[in-house]
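Colleague: A single structure is presented below for examination.
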Amino acid sequence: MSEIRTNWTEEEVTQIYNTPLMELIYQAATVHRDYHETGEVQVCTLLSIKTGGCSEDCAYCPQSARYETEVKAEKMMPKEMILAAAERAKEAGSTRFCMGAAWRSARKTKDFDRVLDVVSDVADMGLEVCATLGMLNDEQAAKLKDAGLYAYNHNLDSSEDFYKKIITTRSYDDRLDTIKKVQDNDISVCSGGIIGMGETHEDRIGLLYTLCTLDQHPESVPVNALIAVEGTPMENQPKVPSWDMARMIATARILMPESMVRLSAGRVRMDFEEQALCFMAGANSIFTGEKLLTTDNNELSEDMHMFELFGLTPRPAYKNAKEEHLPEVVAE
Ligand code: SAM
Ligand code: DTB
Ligand code: SF4
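Counting from 1 along the sequence shown, just add 1 to a position and that's the residue number in my numbering.
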């Protein structure tokens with residue numbers, strides 16, 4: 002069984018990434034079998050609880066106030082609506098519920114208290130609660146942990162070099178700093194990136210290298226294919242080929258064997274065969290439900306059909322969770 006390493010060198014990561022695809026998938030599938038039940042796929046659902054009007058200039062994002070997209074700024078969603086969505090997600094078989102806000106950093110207003118309140122109610126439902134609210138300070142991370150937050154999503158998105166070309170309103174170090182605060186507060190880290198933004202293979206390798214040399218590997222690593230949304234600077238980017246997704250997923254699987262590797266945005270444009278390639282390559286998590294944050298996702302009935310065809314079953318909530326990450330309601 003391969004060991005868990007956080008001391009990978011950039012040369013090693015490059016070598017793995019550049020392995021001929023069929024061999025790479027075989028190696029990743031082998032690691033996958035050593036660490037996970039390969040028939041199990043984690044089912045997660047996203048909900049945008051505060052949509053649009055964001056001050057940041059992330060070139061891929063339809064929620065930035067700087068771009069003319071169909072997404073309009075909304076107020077924070079009322080608690081009842083959020084809880085109803087969480088109930089629906091649970092009934093549909095999701096075990097993780099992730100709430101997203103189009104904020105540069107988590108608010109210091111009543112809206113943050115509302116988030117804390119809803120986190121605690123969703124945790125009480127037995128769902129793994131995740132949030133993605135932008136940058137956090139220590140106090141906010143501690144409060145989220147106390148409320149019952151299990152995971153925090155904060156993507157590095159790309160290599161440090163390419164990051165500067167897609168976002169100018171905050172730095173890569175800002176991202177790393179929030180990830181550290183999340184870790185320090187015993188919240189499990191979800192961090193990955195996006196491909197298809199015009200980055201080079203070296204940038205993809207750079208992203209994977211940064212992720213796999215963090216002090217601890219992220220508990221989950223979302224691999225997103227850019228959704229090229231009209232009105233954003235990236236609207237004309239071509240579709241990411243599925244073999245590029247499979248290469249990213251397989252490399253992530255080998256570098257971070259214990260992590261959940263999530264076939265995230267972009268699945269909506271993949272047929273069953275393309276998704277099968279990604280599961281073979283070691284993906285073991287997806288988002289289901291009508292929407293991701295603002296864009297359409299795969300039909301639930303199609304996803305259920307795919308699970309049946311491939312012999313996949315949903316992974317139980319909190320499986321293999323580290324003791325320190327468990328919220329009190331579950332640990333008791
Ligand atoms: N505002 C917070 C932040 O940026 O961390 C949280 C929400 S933000 C929308 C969450 C993540 O969604 C981003 O980090 C990015 O990786 C992903 N994302 C946003 N727009 C996307 C797109 N068009 N295609 C693929 N992924 C996207
Ligand atoms: C992640 O890596 N991808 C999700 C989730 N984490 C927050 C977001 C994808 C967003 C796709 C564009 C949208 O729907 O707005
Ligand atoms: Fe704002 Fe997050 Fe979108 Fe960037 S990715 S514009 S921070 S919502």
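Cβ coordinates follow ideal geometry from the N, Cα and C atoms, glycine included.
(1) For Q64, verify whether its CB is less than 7 Å away from any heavy atom of ligand 3.
(2) Please confirm if the stretch 50-69 is in contact with the stretch 90-108, defined as three or more CB-CB distances below 8 Å between the two stretches.
(3) Ligand 2 heavy atoms versus the CB of T296: any closer than 7 Å?
(4) With the cut-off set at 8 Å, would you say T70 and T169 are in Cβ contact?
(5) Taking the CB atoms as reference points, tell me whether A142 and K109 lie closer together than 8 Å.
(6) Does A85 pass the burial test, meaning 16 or more other C-beta atoms within 10 Å, or should it be called exposed?
(7) Taking 7 Å as the cut-off, is the C-beta of G232 nearer than that to any heavy atom in ligand 3?
(8) Can you tell which of S95, M2, G267 has the C-alpha that lies nearest to the C-alpha of V224?
(9) At 4 residues or longer, what runs of the alpha helix (DSSP H) sit wholly inside the stretch 186-243?
(10) Closer than 7 Å: is that where the CB of C213 sits relative to any heavy atom of ligand 1?
(11) Between which two residues does the beta strand (DSSP E) holding Q64 run?
(12) In chain order, what residues of the same chain have a beta carbon less than 8 Å from the beta carbon of D118, not counting five sequence neighbours either side?
(13) Does S160 pass the burial test, meaning 16 or more other C-beta atoms within 10 Å, or should it be called exposed?
(14) Given 7 Å as the limit, tell me if C279 has its C-beta closer than that to any heavy atom belonging to ligand 2.
(15) On the premise that L48 lies in contact with A251, defined as a C-beta separation below 8 Å, what is that separation, rounded to the nearest angstrom?
(16) Where does the unbroken alpha helix (DSSP H) through I83 begin, and where does it stop?
(17) Hey, how far is the Cα of I17 from the Cα of I206?
(18) Since A102 is in the beta strand (DSSP E), which residue starts that stretch and which ends it?
(19) Hey, would you say A318 sits closer than 8 Å to L128, going by beta carbons?
(20) What are the partner residues of M257, as DSSP defines its beta bridges?
Modeller: Here's the rundown:
(1) Looking up residue 64 in the sequence shown gives position 63. Flag set: Cβ of Q64 near ligand 3.
(2) yes
(3) Looking up residue 296 in the sequence shown gives position 295. T296 Cβ: within cutoff of ligand 2.
(4) Taking the first residue of the sequence shown as 1, we reach residue 70 at position 69. Taking the first residue of the sequence shown as 1, we reach residue 169 at position 168. No, they are not a contact pair.
(5) Locating residue 142 in the sequence shown gives position 141, where the first residue counts as 1. Locating residue 109 in the sequence shown gives position 108, where the first residue counts as 1. Not a contact, by the Cβ cut-off of 8 Å.
(6) For the purposes of this step, residue 85 is taken as residue 84 along the sequence shown, with counting starting at 1. So A85 counts as exposed.
(7) The residue you call residue 232 lines up with position 231 of the sequence shown. Checking every heavy atom of ligand 3 against the Cβ of G232, none is found closer than 7 Å.
(8) To locate residue 224, count along the sequence shown from 1; it is residue 223. Taking each of S95, M2, G267 in turn and checking the Cα distance to V224, the smallest one comes out for G267.
(9) 202-213
(10) As a working note, residue 213 is residue 212 in the sequence shown. Short note on C213: C-beta not closer than 7 Å to any heavy atom of ligand 1.
(11) Residue mapping note: residue 64 aligns to position 63 of the sequence shown, counting from 1. Premise fails: Q64 is in no beta strand (DSSP E) and is neither H nor E.
(12) Walking along the sequence shown from the start, residue 118 turns up at place 117. K80, A148.
(13) As a working mapping, residue 160 is identified with position 159 in the sequence shown. Classification of S160: buried, given that the 10 Å Cβ count is 16 or more.
(14) Residue numbering aside, residue 279 sits at position 278 when the sequence shown is read from its first letter. C279 Cβ: outside cutoff for every heavy atom of ligand 2.
(15) The residue labelled residue 251 in the question sits at position 250 within the sequence shown. The residue labelled residue 48 in the question sits at position 47 within the sequence shown. Contact doesn't hold; Cβ gap of about 30 Å is too wide.
(16) For the purposes of this step, residue 83 is taken as residue 82 along the sequence shown, with counting starting at 1. I83 -> alpha helix (DSSP H) spans 80-92.
(17) Counted from its first residue, the sequence shown places residue 17 at position 16. Counted from its first residue, the sequence shown places residue 206 at position 205. Distance between the alpha carbons of I17 and I206: 10 Å.
(18) Locating residue 102 in the sequence shown gives position 101, counting from the first residue. Element bounds for A102: 97-102.
(19) Along the sequence shown, read from residue 1 onward, the residue named residue 318 stands at position 317. Along the sequence shown, read from residue 1 onward, the residue named residue 128 stands at position 127. Closer than 8 Å, so yes.
(20) What you label residue 257 is simply residue 256 of the sequence shown in a count that begins at 1. The partner list for M257 (beta bridge, DSSP) is empty, contrary to what the question assumes.
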